[in-house]
Amino acid sequence: MKKLSALALLAAASASASAQSSVTLFGVVDVNVGVNKNGAAGTSHYVGDSGNESSRLGFRGSEDLGGGLHAGFWLEGELFPDTGNLKGLDFARRSTVSLIDDTWGELRLGRDYVPNYRTRIDFDPFGQNGIGSQGNMLVLNAPIQVANQLAAFPGAVNSTPLGSNAPTYKRSSNTVGYVLPANLGGVYGQVMVAPGEQTSGLGTYTSGRLGYQSGLWNVAAAYGVTKLTSPGASSLKDLTAGASYDFGVVKLLGMYQRYSYEHSPGPTALKDLMVGATAPFGSGTVKVSYNRATISGAPTGVSGLGDGSARMFAAGYVYDLSKRTALYATAARISNSAGTQFTVGGQGTGPSMFVNGQFLTGQRSTGYEVGIRHRF
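First residue of the sequence shown? That's 47 in the numbering used here, and the numbers climb one at a time after it.
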């Protein structure tokens, strides 16, 4: 009897320890096939990834420290299932450790999404993924960026608004952040600060987000400032605001984005206004959006980011085979004015606009893609 009691005590202690800590493996595998036509630069066919959700592999865990306090970690790396991750897996998507209090909120340290990008995800019908992403109207795609670099435009760096070299478009390294608790009656938000740590051309980054979600409404705004120390550059300021309302038969979304690049020729601004909608249809969801981006102010020195405007229309359908697996199809078109060259290439695919030693601007970019997404 004593042996049985001891075994029961050990089993109870083991179950208690398991309940206090946990580790979860999670991820997304998303692969698509598509075609991009970038004006006179030509057409490309491709097998790509992350058209509906970003392909990823991650580990997250938490430990109950008692009294409503928890410790947590999150390690998440990008996957490229179309090539098998030729660059190798890292945890650049997110690598954070946290102390979380049920009443007071979360203290989070490490590499994380910036508040403005989280706001863009929330109010973009395409979630900042694929050829319909609102991000297409903020960033030149990789081939165009490379061509700018080769043509001695040192400010042109991929995923960098207005060629500012600020590495805070989606994420920031070395962050210290605070996230509001979930017990504030629908109010949510966060603040973040990151030192430059003597990185060339980079000073401090500070940002914050505040929102309110209740019932059918969701509204939020975020503001971030990246201090720059490169000669002739002082800061990049990012304002993002969005709202959505769910009518049941359709969910309407709207978003306003403004980047202001302060540099020696003077300030340059990129503004984007987006309206969109999602609607349940059959066993899936219809998505549509319209964007209009304008660039004005001092010259950026980057071809494709001159004075002018661009318009994008995107439409897609996601068919849910299950809660974890879906098929999807998306089509998008961007029309550029003479000074701009945004593309539907998902910031990574499509023919370069550097043709026969010359940059092509004012071109139309069209894309189509179909794919399959599986969560685990």
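Heads up, the beta-carbon is just placed ideally off N, CA and C, and yes, glycines get one too.
Only residues of its own chain outside the window of five on either side were considered, and among them Pro-171, Val-296, Lys-297, Leu-298, Leu-299 and Val-334 have a CB closer than 7 Å to the CB of Ala-323, listed in chain order. Judged by beta-carbon spacing, Leu-155 lies within the 8 Å limit of Thr-142, meaning their Cβ atoms are closer than that value. Around the C-beta of Gln-404, fewer than 16 other C-beta atoms lie within 10 Å, and the residue is accordingly described as exposed. As computed with DSSP, Met-183 is found in no beta bridge at all.
In this structure, the beta-carbon distance from Gly-385 to Gly-352 falls below 8 Å. At the C-beta level, Gly-413 and Asn-98 stay beyond 8 Å of one another. Burial check for Glu-243: the Cβ neighbour count within 10 Å stays below 16, so the residue is exposed.
Judged by DSSP secondary structure, Thr-324 falls within the beta strand (DSSP E) whose first and last residues are 312 to 327. Ser-100 and Arg-338 have their C-alpha atoms some 24 Å from each other. Within its own chain, the residues whose Cβ lies closer than 7 Å to the Cβ of Gly-408, once the five positions on either side in sequence are excluded, are Asn-382, Ser-383 and Ala-384, listed in chain order. Per DSSP, the unbroken beta strand (DSSP E) holding Thr-221 starts and ends at 217 to 225. With a minimum length of 3 residues, the unbroken runs of beta strand (DSSP E) contained wholly in the region 213 to 290 fall at 217 to 225, 233 to 240, 248 to 260 and 263 to 274.
Residue state for Asp-76 is assigned as strand, using DSSP reduced to three classes. The C-alpha of Gly-80 lies about 9 Å from the C-alpha of Thr-376. If you check the CB distance, Arg-357 and Gly-85 do not come in under 8 Å. Taking each of Arg-164, His-309 and Ser-329 in turn and checking the Cα distance to Val-265, the smallest one comes out for Arg-164. In the DSSP assignment, Asp-147 falls outside any alpha helix (DSSP H) and lies within the beta strand (DSSP E) extending over 140 to 147.
Using a C-beta cut-off of 8 Å, the region 273 to 287 makes contact with the region 301 to 309, since at least three inter-stretch Cβ pairs fall below that distance. Cβ contact annotation for Lys-317 (same chain, cutoff 6 Å, sequence separation greater than five): Arg-304 and Thr-340, in chain order.
When Lys-369, Thr-70, Leu-121 and Gly-278 are compared, the shortest CA-CA separation from Leu-248 is found for Gly-278. Note that the C-beta distance between Leu-274 and Ser-368 is not below 8 Å.
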